[in-house]
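Enquirer: Sharing a structure below in structure tokens format, with a few things to ask.
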Amino acid sequence: MKGCSIANTGEGKTLCVVARVFDKLRADPELQVYANFHIYLPRCHFTPYMFLPFNKLKKCMVIYDDVSNTEVLQRYTKVCANYSRKSQMELIFTGQYYTMIPKSIRSIMDFRLYPRIKGNTLYVYERRRGKPPLRYKYYNVFETIGQFYDTDEIVPIPTESDVINELIKICKTKKDIERNLMLYTGNKKERQRLYNIIIEKMGLNDENKANKNEKQQQLKYILYCLNKQYKRDMRTLARYFKTNLTKVFNLIKDVEYELDELDANF
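Listed below in structure tokens is the structure:
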């Protein structure tokens, strides 16, 4: 489920989202919340750069406060779209104007929240796709809901080391790293560069080396059989396997050496 909270500065767009979080946490003891600002409630996780632990996302709310970068918003919606359809994820963006959210994203919104503060009461008008609208209000909102977050909180712009450290902290698999890097940048070369740094630091590249070595072992026995048993010449094998002649020659010689060693030991 995807939605947005739209209001000018000081009119309660973040306040009404926190109120929604408060209500849903009380109603569901399994719900987890991820937001790019601190929410001082149980099961609320601070994700300053909006990276997510995709390997354990199930029943959750993801809150992206103060959307301003259209490119980031489009990437975020694209990556999270499958999760919000297939899992119990509620994705909420907040912004000052409805037009800040691209039309392509607005068209898939399931609900829109329009808050208004009058005195010490928060009024929320919720438009829902295919359903009647809802109206609700929270009394003494600043003494109740207002205490659960800091309206003056500023999240610093991340450095590269911040990004790397945050991804190492929350990612458990290579897929997690890839998905979060897609949230971070649309530049493929930059994603690949950061991916290589992160898997090196996490020790995940050892798995790649093991797989590569295993494939190399399989290839050399296949080349030996094709060359010796089926009389395929080395140049033909090099072209077929898209490698160079020297490599084919060396791999076949490796097998011959292994066979000689086995023969000598019997």
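Heads up: take any position in the sequence shown, counting from 1, add 827, and you land on the working numbering. We treat Cβ as the ideally placed atom computed from N, Cα and C, and that holds for glycine. Nothing here was measured: the structure is a model prediction, and the numbers come from that model.
Excluding the 5 residues flanking residue 955 on each side, which residues of the same chain have their C-beta closer than 6 Å to its C-beta?
Expert: Your numbering for residue 955 matches position 128 in the sequence shown. Excluding positions up to five away in sequence, the list reads 938.
Enquirer: Could you name the residues that DSSP lists as bridge partners for residue 859?
Expert: Against the sequence shown, residue 859 aligns to sequence position 32. In DSSP, residue 859 forms a bridge with 887.
Enquirer: For residue 842, report the span of its alpha helix (DSSP H) as first-last.
Expert: Position 15 of the sequence shown, counted from the start, is the residue given in the question as residue 842. Taken as a continuous stretch (DSSP letters only), the alpha helix (DSSP H) holding residue 842 covers 840 to 854.
Enquirer: Please check the pair residue 965 and residue 952, which I expect to be a contact at CB under 8 Å, by giving their CB distance rounded to whole angstroms.
Expert: Residue numbering aside, residue 965 sits at position 138 when the sequence shown is read from its first letter. Residue numbering aside, residue 952 sits at position 125 when the sequence shown is read from its first letter. Incorrect: roughly 13 Å between the Cβ atoms, too far for contact.
Enquirer: Taking the continuous beta strand (DSSP E) assigned at residue 945, which residues delimit it?
Expert: Numbered from its first residue, the sequence shown carries residue 945 at position 118. Counting along the chain, the beta strand (DSSP E) containing residue 945 begins and ends at 938 to 945.
Enquirer: Could you give the DSSP three-state label for residue 975: helix, strand or coil?
Expert: Here residue 975 refers to the residue found at position 148 when the sequence shown is read from its first residue. Here residue 975 sits in helix by DSSP.
Enquirer: Helix, strand or coil, according to DSSP, for residue 870 in the structure here?
Expert: Indexing the sequence shown from 1 puts residue 870 at position 43. Correct three-state label for residue 870: coil.
Enquirer: Can you find the residues in the same chain that come closer than 6 Å, C-beta to C-beta, to residue 999, ignoring five residues on each side of it along the sequence?
Expert: For the purposes of this step, residue 999 is taken as the residue at position 172 of the sequence shown. Once the five neighbours on either side are set aside, the close Cβ partners of residue 999 are 882.
Enquirer: Is the beta carbon of residue 993 closer than 9 Å to that of residue 770?
Expert: This structure cannot speak to residue 770, because the chain is shown only from 828 to 1093.
Enquirer: Enumerate in chain order the residues of its own chain whose CB-to-CB distance from residue 866 is below 7 Å, with the five nearest sequence positions on each side excluded.
Expert: Counting from one through the sequence shown, the residue named residue 866 turns up at place 39. 845, 848, 860, 975, 976, listed in sequence order.
Enquirer: Helix, strand or coil for residue 832? Go by DSSP, reduced to three states.
Expert: Translated into positions along the sequence shown, residue 832 becomes position 5. Correct three-state label for residue 832: strand.
Enquirer: Would residue 919 pass as a contact of residue 889 if the rule is Cβ separation under 9 Å?
Expert: Taking the sequence shown and counting its residues from 1, the one referred to as residue 919 is at position 92. Taking the sequence shown and counting its residues from 1, the one referred to as residue 889 is at position 62. Yes, they are a contact pair.
Enquirer: I'd like the list of long-range same chain contacts for residue 838, defined as Cβ closer than 8 Å, with 5 residues on each side in sequence excluded.
Expert: Indexing the sequence shown from 1 puts residue 838 at position 11. Only 942, 943, 944 meet the Cβ criterion.
Enquirer: With a Cβ-Cβ cutoff of 9 Å, do residue 903 and residue 1021 count as a contact?
Expert: Position 76 of the sequence shown holds residue 903. Position 194 of the sequence shown holds residue 1021. Contact: no.
Enquirer: State the Cα-Cα distance for the pair residue 851 and residue 1045, rounded to the nearest angstrom.
Expert: What you label residue 851 is simply residue 24 of the sequence shown in a count that begins at 1. What you label residue 1045 is simply residue 218 of the sequence shown in a count that begins at 1. Approximately 54 Å, taken between the alpha carbons.
Enquirer: Determine the closest residue to residue 1032 out of 1015, 1059, 1004, with distance taken between C-alpha atoms.
Expert: Here residue 1032 refers to the residue found at position 205 when the sequence shown is read from its first residue. Out of 1015, 1059, 1004, 1004 has the C-alpha closest to the C-alpha of residue 1032.
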